[in-house]
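Take a look at the structure below.
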Amino acid sequence: MKDGTQEEFLMLHELEKPYLGLTVDRIMDELRRQSEATLEGYQITRLQHGLQSATRAEADGADIDWIIGALLHDVGDGLAPQNHDRFSAEVIRPFVRWEVSWVVEHHGLFQMLYFARHYGWDENARDRYKDHPCFDTCATFCERWDQSSFDPDYPTKTLEYFEPMLRDVFARKAYDPAVIQDGVSIGL
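Position 75 of the sequence shown, counted from 1, bears residue number 75 in full-length UniProt numbering, the numbering being contiguous throughout.
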């Protein structure tokens, strides 16, 4: 790359645009893959969990950024199970408010409140962020939309229902300061 010319890089930039435009289609493909299998022991698939989380977010009156954050908060499970939260946050970070990507990035640690004691882990590990402006929002996200969304009987909306919202969010200009609102936390 160090030998590339400006002309060559400008050409590559133009050729990359169609690929970038298909990001949402790759995300939809990954979500569909998550409908094929689940982790052993769970009563619903990964896709159903994301759909249920998004359905709950919408039912609570959340805006589109939170709905898409809830839908995609575990999208990284298949490729990065040990750090799925950070992986998932990186998928949405260019297109949603800062606080939404922060919550998705940290939800794994905050979720430990519900199960860590069963493994001998620190269930209060999230307390290291107790003074962070997104602490309460992340705790609420986990309580209302994540840990409760493993119910096989919950009336859940379909991926097709959420597809227009996905397309709207991923059609945004990446890292648009007006969208990202870096450092601003308005809550759920």
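By construction, the Cβ of each residue, glycine as well, lies at the ideal position given by its N, Cα and C atoms.
The model shown is predicted, which means the values in this text are computed figures rather than measured ones.
Inset, instruction - Evaluate the contact criterion for the segment 46 to 65 versus the segment 143 to 162: three or more CB pairs, one atom per stretch, below 8 Å. - result: A contact is defined here as three or more CB-CB pairs under 8 Å, and the segment 46 to 65 meets this definition with respect to the segment 143 to 162.
Inset, instruction - Assuming His73 contacts Val24 (C-beta within less than 8 Å), just tell me the rounded distance between them. - result: Residue numbering aside, residue 73 sits at position 73 when the sequence shown is read from its first letter. Residue numbering aside, residue 24 sits at position 24 when the sequence shown is read from its first letter. His73 to Val24, Cβ: 17 Å. No contact.
Legend entry - Spatially closest choice to Trp121 from Phe110, Ile64, Cys142, by CA coordinates: The sequence position of residue 121 within the sequence shown is 121, counting from 1. Per the Cα distances, Phe110.
Inset, instruction - Taking Leu188 as the reference, give the member of Lys130, Val179, Ile67 with the closest Cα. - result: To locate residue 188, count along the sequence shown from 1; it is residue 188. The residue among Lys130, Val179, Ile67 with its C-alpha nearest the C-alpha of Leu188 is Ile67.
Inset, instruction - Helix, strand or coil for Thr158, going by three-state DSSP, please let me know. - result: Here residue 158 corresponds to residue number 158 of the sequence shown, with the count starting at 1. Correct three-state label for Thr158: coil.
Legend entry - Closest Cα partner of Val179 within the set Arg128, Ala70, Trp98: Numbered from its first residue, the sequence shown carries residue 179 at position 179. Measuring from the Cα of Val179, the nearest candidate turns out to be Trp98.
Legend entry - When Gln48, Gly108, Glu40 are compared against Arg32, the one with the closest alpha-carbon: What you label residue 32 is simply residue 32 of the sequence shown in a count that begins at 1. Arg32 has its Cα closest to that of Gln48, out of Gln48, Gly108, Glu40.
Legend entry - Chain-order list of residues whose beta-carbon lies under 8 Å from that of Ile64 (same chain, five-residue window excluded): Within the sequence shown, numbered from 1, the residue matching residue 64 stands at position 64. Excluding the 5 residues flanking it on each side, Ile64 has same chain C-beta neighbours closer than 8 Å at Met165, Asp168, Val169, in chain order.
Legend entry - 8 Å Cβ shell around Val91 - same chain, five flanking residues per side excluded: Taking the sequence shown and counting its residues from 1, one reaches residue 91 at position 91. Within the same chain, Val91 has close Cβ partners Ile27, Leu72, Val75, Gly76.
Inset, instruction - Excluding the 5 residues preceding and the 5 following Thr137 in the sequence, name in chain order all residues of the same chain whose CB lies nearer than 8 Å to its CB. - result: For the purposes of this step, residue 137 is identified with residue 137 of the sequence shown, where counting begins at 1. Once the five neighbours on either side are set aside, the close Cβ partners of Thr137 are Glu99, Val103, Ser185, Gly187, Leu188.
Inset, instruction - Give the straight-line distance between the Cα atoms of Leu79 and Arg93, rounded to the nearest whole angstrom. - result: In the sequence shown, the residue the question calls residue 79 occupies position 79. In the sequence shown, the residue the question calls residue 93 occupies position 93. Their backbone Cα atoms lie some 18 Å apart in a straight line.
Legend entry - The alpha helix (DSSP H) enclosing Ile27, as first and last residue numbers: Reading the sequence shown from its first residue, position 27 is the one you call residue 27. Where Ile27 is concerned, the enclosing alpha helix (DSSP H) stretches over 23 to 33.
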